[in-house]
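Here's the structure we're looking at; comments come further down.
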Amino acid sequence: MNWPACSPDFNPIEHLWDELDRRVRNNHPPPRNLQQLLQFLQIEWQAIPQAFCRKLVNSMQNRTAEGIAKRGGHTHY
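If you read the sequence shown in the numbering used here, its first letter stands for residue 39, the second for the next number, and so on.
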């Protein structure tokens, strides 16, 4: 099986970036400048529960197994 390098199924950091983006968009007004964006990102980064990150890491075994079973095709992740 070729490694699908751009697949979020095998790159859980993509799910973490999505979570950070959602939190900034849902909890803050649009940033007026880069400094404000960085401030919002730092606030929301600190607010992401460790349990969320653990869940992503712990899901890798199942993600990998499903990816192999589907021969690199679409998974439910």
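Every residue, glycine too, gets a C-beta built ideally from N, C-alpha and C.
In its own chain, which residues sit with a C-beta less than 6 Å from the C-beta of I81, not counting the 5 before and 5 after it? Numbered from 1 along the sequence shown, position 43 holds the residue referred to as residue 81. Excluding sequence neighbours, I81 sits near nothing in its chain.
Run the CB neighbour count on F78, radius 10 Å, all protein chains shown included, and call it buried at 16 or more, exposed below. Residue 78 sits at position 40 when you count from the first residue of the sequence shown. By the 10 Å Cβ count, F78 comes out buried.
Counting only the same chain and skipping the five closest in sequence on each side, list residues whose C-beta sits under 8 Å from that of I86. Counted from its first residue, the sequence shown places residue 86 at position 48. The beta carbon of I86 sits closer than 8 Å to the beta carbons of L54, E57, L58, R61 from its chain, once the five residues preceding and following it are set aside; these are given in chain order.
Three-state secondary structure (DSSP) of N65: Your numbering for residue 65 matches position 27 in the sequence shown. In the structure shown, N65 sits in a helix (DSSP, three-state: H, G or I).
Assuming T102 is part of the alpha helix (DSSP H), what are its boundary residues? On the sequence shown, position 64 is the one that residue 102 refers to. In the DSSP assignment, T102 falls within the alpha helix (DSSP H) that extends over 98-107.
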